[in-house]
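Input: a single structure, listed below in structure tokens.
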Ligand code: NAP
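Numbering (the numbering used here), first residue to last: 101 to 355.
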């Protein structure tokens, strides 16, 4: 079935757009008519995503950009590039870039704790703030910010103290942003994926993945498109009365 066209004339910024869930989100938003700024650490992978985007709507345009979302100077430069390319602020931002550096708590290094918090939590803070500032400065209210959490942020997971903390933090950040930004008609929501088949989960040993799948009531791993579809809904006006929410997309898994 053809995707609905709910995002015509909408500029969307997607971080971590060069891989896995982020790539599927870029594709889905572009199918809905959005122009997409594909942002990734790795410019080549962002460009690969760019090549795969829909261009069916007149005026629709996309760009691939590189930025490290954990660095304020990169985020500032990114916003300047987007403003000069599109002459308008993004109305949709998906904070999807994320990393894991797993280890058991008794051994987890300070460096690996900080780097995961910096990308997964400080990154969404910097982008949310910058996008909201640019919308407010434009004098025209309205926007949707979608942050990628994880079911692990709710329930914890062995070997992921840093990751779980970062993803719980994302929910708190999002709920607060929702309260502060509602007066500008900017909605903020968190998506909580369960286990999704991407390069991130490819790193998990097969034995562990088999165990996880056996715990999923729907009996399969999620696909990136399962998450992208929910992001398109949250980006669109169909979710106009939803803000501060956390939406689990887990196939029923609650570890
Ligand atoms: P992925 O395939 O590893 O993609 C993550 C992307 O983020 C990569 O393209 C990566 O670029 C980029 N990235 C990493 N650090 C960055 C930074 N500092 N600045 C900008 N971009 C950066 O992972 P995924 O599975 O699609 O995950 C996407 C999001 O979903 C993450 O937030 C993850 O925590 C969340 N999530 C995933 C699952 C799952 O089961 N897969 C479950 C729950 C939540 P490089 O490749 O160049 O490093």
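No residue lacks a Cβ here, since even glycine has one placed at the ideal position from N, Cα and C.
Note that the structure is a prediction, hence the values are computed from the model and not measured.
With a threshold of 7 Å, the Cβ atom of residue 140 counts as near the ligand NAP, since some heavy atom of the ligand is closer than that.
DSSP places residue 223 inside the alpha helix (DSSP H), whose first and last residues are 223 to 238. Using a 10 angstroms sphere on the CB of residue 222, the tally of other CB atoms reaches 16 or more, which defines it as buried. Between residue 322 and residue 294, the beta carbon gap of about 6 Å places them in contact (Cβ cut-off 8 Å).
Cβ-Cβ distances below 7 Å link residue 218 to 170 in the same chain, with the five nearest sequence neighbours on each side left out; the list follows chain order. Nearest neighbour of residue 220 by Cα position, chosen from 177, 273 and 344, turns out to be 273. For residue 132, the three-state secondary structure derived from DSSP is coil. Excluding five sequence positions before and after residue 188, the CB atoms of its chain that fall closer than 8 Å to its own CB belong to 111 and 238, given in chain order.
Between residue 345 and the set 279, 165 and 123, the nearest pair of CA atoms involves 279.
In the three-state scheme derived from DSSP, where H, G and I count as helix and E and B as strand, residue 175 is classed as helix. The Cβ-Cβ distance between residue 114 and residue 196 falls below 8 Å.
Shortest Cα-Cα distance from residue 226 to any of 212, 261, 210 and 167 involves 167. Taking a 10 Å sphere around the C-beta of residue 145, we find 16 or more other C-beta atoms and assign the residue as buried. When DSSP states are grouped into helix, strand and coil, residue 340 belongs to the coil group. Taken through DSSP and simplified to helix, strand or coil, residue 157 comes out as coil. Taking each of 212, 190, 275 and 325 in turn and checking the Cα distance to residue 234, the smallest one comes out for 190.
Where residue 332 is concerned, the enclosing alpha helix (DSSP H) starts and stops at 324 to 335. Relative to residue 301, the option among 108, 104 and 121 whose CA is nearest is 121. Nearest to residue 337 by C-alpha distance, out of 261, 208, 243 and 207, is 243. Taking each of 104, 204 and 118 in turn and checking the Cα distance to residue 256, the smallest one comes out for 204. Contact between residue 155 and residue 133 is ruled out by a C-beta separation of about 10 Å, above the 8 Å threshold.
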